[in-house]
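There are 2 protein chains.
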Amino acid sequence: MKVLNHPDRQDIQLSSVLYALSDPIRLYLVDVIHKTGERRCGDIAVPVVKSTLSHHIRTLRESGVVHVRVQGTQRFCTIRTGDLDARFPGLLASILEAYQNSGEAEQLLATT
Amino acid sequence: MKVLNHPDRQDIQLSSVLYALSDPIRLYLVDVIHKTGERRCGDIAVPVVKSTLSHHIRTLRESGVVHVRVQGTQRFCTIRTGDLDARFPGLLASILEAYQNSGEAEQLLATT
């Protein structure tokens with residue numbers, strides 16, 4: 008089984024987390040997965056091709072924002088809320104609140 | 008006098024702000040300027056050459072994080088806290104608090 012690298016909690020860097028969240032597609036993915044809980048990574052409807060989606064998920068995983076669980080040929084994503092809240096208390100909630108109020112999700116879906 | 012473009016408050020995008028803050032040097036600049044108030048842009052001691060510093064300031068300005076005032080041959084930076092707080096209440100404070108607790112500033116200065 009392929010083992011995916013995830014940074015340990017203490018190695019999660021603020022600048023990497025902010026970079027991971029600095030893309031409209033990735034912000035949308037994190038918002039959706041945060042709301043719904045574990046999701047099959049490929050199941051989230053976003054206006055990008057599959058390889059681009061995989062790249063975004065990888066960026067989120069490598070920064071420590073998302074945990075990817077491999078099950079057979081499928082991959083399931085969760086947000087590492089426990090680790091993020093321990094490293095940067097209140098940060099994720101603050102960013103997601105800003106996102107939900109920003110209208111950027113609606114803008115993104117309007118381009119679909 | 009050269010006029011620098013700054014996005015209007017309502018045009019400040021969350022993803023652009025997060026991108027501007029996703030670099031260790033830019034996070035450090037914002038933290039310093041936020042603490043001290045208006046600063047001559049070139050006066051902040053960071054381990055990069057002048058042209059790189061100018062590029063970082065430009066990224067911060069174009070995203071709406073920093074306002075740059077031109078006075079003769081000098082440029083002065085302030086953080087657009089009023090605009091950022093209006094657009095994304097609590098976001099900047101949350102990111103700067105995470106930054107101050109992260110030890111990333113000390114890591115950056117240790118490389119100087």
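For the protein sequence lines, the chains are A and B, in the order given.
So the first sequence is numbered by our numbering: it starts at 8 and just counts up by one.
So the second sequence is numbered by our numbering: it starts at 8 and just counts up by one.
Cβ atoms here follow ideal geometry from the backbone N, Cα and C, with glycine treated the same way.
Exercise. When the Cα atoms are used, what is the spatial distance from I86(B) to T80(A)?
Worked result: I86(B) and T80(A) have their C-alpha atoms some 47 Å from each other.
Problem set entry | C-beta neighbour in chain B for A40(A), strict 8 Å | In the sequence under discussion, the amino acid at residue 40(A) is Ile, which differs from the Ala named in the question. Not one chain B Cβ lies under 8 Å of I40(A).
Exercise. Is the beta carbon of E111(B) sitting closer than 8 Å to the one on Q20(A)?
Worked result: Between E111(B) and Q20(A), the C-beta gap is smaller than 8 Å, which places the two residues in contact.
For this session: Could you tell me which residues DSSP puts in a beta bridge with F95(A)?
Result: Looking at the DSSP output, F95(A) sits in no beta bridge, so it has no partner there.
For this session: Give a yes or no on whether the minimum CB-CB distance between G89(A) and chain B is below 8 Å.
Result: It does not; no Cβ of chain B falls within 8 Å.
For this session: Please report the residue range of the beta strand (DSSP E) in which V24(A) lies.
Result: For V24(A), there is no enclosing beta strand (DSSP E); the enclosing alpha helix (DSSP H) has its first and last residue at L21 to A27.
Exercise. Are the region 99-118 of chain A and the region 60-75 of chain B touching by the rule of at least three beta carbon pairs closer than 8 Å?
Worked result: Touching, no.
Exercise. V37(A) by DSSP, collapsed to three states: which one?
Worked result: Helix.
For this session: Might you give, ordered along the chain, the residues of its own chain that have their beta carbon closer than 6 Å to the beta carbon of V39(A), omitting 5 neighbours on each side?
Result: Correct list, in chain order: I51.
Exercise. Which one of V77(B), T118(B) and L99(B) has the shortest CA to CA distance from E45(B)?
Worked result: Looking at the Cα atoms, V77(B) is the closest of the given residues.
Exercise. Can the beta-carbon of T98(A) be found less than 8 Å from the beta-carbon of I102(B)?
Worked result: The sequence given here places Leu at residue 98(A); Thr does not occur at that position. Yes, they are a contact pair.
Exercise. Comparing the C-beta of Q78(A) with each C-beta of chain B, is any distance below 8 Å?
Worked result: It does not: the Cβ of Q78(A) has no partner Cβ on chain B nearer than 8 Å.
Exercise. Applying the criterion that 16 or more other CB atoms from any shown protein chain within 10 Å of the CB defines a buried residue, is A128(B) buried or exposed?
Worked result: This structure cannot speak to residue 128(B), because chain B is shown only from 8 to 119.
Exercise. Taking the alpha-carbon positions, what's the H41(A) to F95(B) distance?
Worked result: Roughly 19 Å separates the two Cα atoms.
For this session: Would you tell me roughly how many angstroms separate the C-alpha atoms of A100(B) and T59(A), rounded to the nearest one?
Result: The alpha-carbon separation between A100(B) and T59(A) amounts to approximately 32 Å.
Problem set entry | Start-to-end residues for the beta strand (DSSP E) that takes in R68(A) | Run containing R68(A): none in the beta strand (DSSP E); it sits in the alpha helix (DSSP H), K57 to S70.
For this session: Below 7 Å between beta carbons is the criterion; list the residues of the region 89-112 of chain B that meet it against any residue of chain A, in chain order.
Result: Residues F95, G97, L98, S101, I102, A105, Y106, S109 and E111.
Exercise. Taking the alpha-carbon positions, what's the P14(A) to H74(A) distance?
Worked result: One C-alpha to the other measures close to 10 Å.
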